[in-house]
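When we follow my numbering, the leftmost residue of the sequence shown carries the number 48, and every step to the right adds one.
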Amino acid sequence: MKEKLEGLITPLNRVDEGASRVEGWIVVAIMSAMLLVGVAQVVARKFFDTGISFADTFLRQMVPWVGLIGAAIAAQENRNIAIDAITRILPPIGRLLARLLISILIFVVCVIFIRAGIEYWRFMGAEEAYRGARLFGIPIWRFHIVYPIAFTLIGFHQLVKFLLDIIGLCTGRYDLVKRADEGGLQTGEEGA
C-alpha cells in the first residue's frame, strides 16, 4: 500500500507542474500582448495624434486574466497562503495537519468562487449593457470566463497539495509539500 501511494507522488507533481507551466506561458503571452498594445497606444497618441480603438478595452479585459492566472501559479508554488508564525513552532506532523486544513479550506472557497464566477459570467451575458460591447468581435462579457477558470486552477493546485499531504500522512513522509521558501514541491525521489 505504501509503495502504491508513493508511486503517485511523481505523477501528481508532474501534472501540477505541467499545468503551472502552461499557466505561465499564458501569462507571458497575455503580458507580452498587453505590453505591445500599450506601447503602440502611447506611440500612436504621442506621435500620430490618434489611438488604437481597442487598446483600452483590451488592456482592461486582460488585467483579471493576468492577475488570476498569476494567483493560480502562486498556488502551485505554495506562495498563496502562509501562516509561518504558527507553523514554525509546530512539529512536522502538526505542520502537515495545518496544511491539510488550509488546503481543504482553500479548496472549499475555490468551489464557492467557481460557482459565483459562473453565475457572474451568466449574469454579464444576460445584461443588455454588456451584450453590445465587443472586442475583436467577441462580446466583452465572455472575457469574464476567467473567474471560474482561474478558481478551478487554484482549486486544482490545492487538491494536489491535499493529496500529497494525505500520502505523506499515510507514509510518514511529512515533507512532500514544501513551503515556498524551501523550494516548492519536491518529488518522491528527492524527499526519500
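Glycine residues also receive a C-beta, built at the ideal position from the N, C-alpha and C atoms. All values derive from a computational prediction rather than experimental measurement.
Classification of residue i by the beta-carbon crowding that lies within 10 angstroms, buried from 16 upward
| i | result |
| --- | --- |
| Glu166 | exposed |
| Lys51 | exposed |
| Gly230 | Residue placement at Gly230 cannot be trusted, given a pLDDT of 46 that sits under 50; what the coordinates show is reported in the next sentence. It is exposed - the Cβ of Gly230 has fewer than 16 other Cβ atoms within 10 Å. |
| Lys43 | One cannot answer for residue 43 here, as it falls past the ends of the chain, which runs 48 to 239. |
| Ile159 | exposed |
Euclidean distance between Cα positions of residue i and residue j
| i | j | result |
| --- | --- | --- |
| Leu210 | His191 | 30 Å |
| Gly71 | His204 | 14 Å |
| Val251 | Met48 | Not covered by the structure: residue 251. The range shown for the chain is 48 to 239. |
| Arg135 | Leu147 | 15 Å |
| Ala163 | Leu82 | 30 Å |
| Glu53 | Asn60 | 12 Å |
| Val86 | Arg189 | 25 Å |
| Ala91 | Val84 | 10 Å |
| Glu236 | Ala66 | Unreliable positioning characterises Glu236 in this predicted model, as indicated by a pLDDT of 42, which lies under 50. A coordinate reading is not provided. |
| Arg126 | Asp96 | 44 Å |
| Glu124 | Ile149 | 15 Å |
| Ala145 | Ile133 | 9 Å |
| Pro58 | Lys208 | 13 Å |
| Ala239 | Val156 | Caution applies to Ala239, whose pLDDT of 36 falls short of 50 and renders its modelled position unreliable; the model cannot decide the point. |
| Ile56 | Gly172 | 41 Å |
| Ala76 | Glu174 | 30 Å |
Anticipated Cβ contact below 8 Å, residue i with residue j, distance rounded
| i | j | result |
| --- | --- | --- |
| Ile201 | Ala80 | That pair is no contact at about 23 Å. |
| Leu206 | Gly215 | That pair is no contact at about 15 Å. |
| Ile161 | Phe198 | 5 Å |
| Arg212 | Leu152 | The sequence given here places Asp at residue 212; Arg does not occur at that position. Actually they do not touch by this definition, with Cβ atoms about 13 Å apart. |
| Trp168 | Pro195 | 7 Å |
| Val113 | Val74 | 6 Å |
| Gly98 | Gln88 | 6 Å |
CA nearest to the CA of residue i, picked from the options
| i | options | result |
| --- | --- | --- |
| Arg220 | Pro138, Gly65, Leu82, Ser100 | Pro138 |
| Thr104 | Lys93, Arg189, Arg181, Lys208 | Arg181 |
| Ile140 | Gly54, Cys217, Glu174 | Cys217 |
| Asp63 | Ala121, Phe183, Trp188, Glu174 | Ala121 |
| Val193 | Leu115, Val84, Arg92 | Leu115 |
| Gly117 | Val155, Met78, Leu106 | Met78 |
Per DSSP, cross-strand counterpart(s) of residue i
| i | result |
| --- | --- |
| Leu182 | Ile185 |
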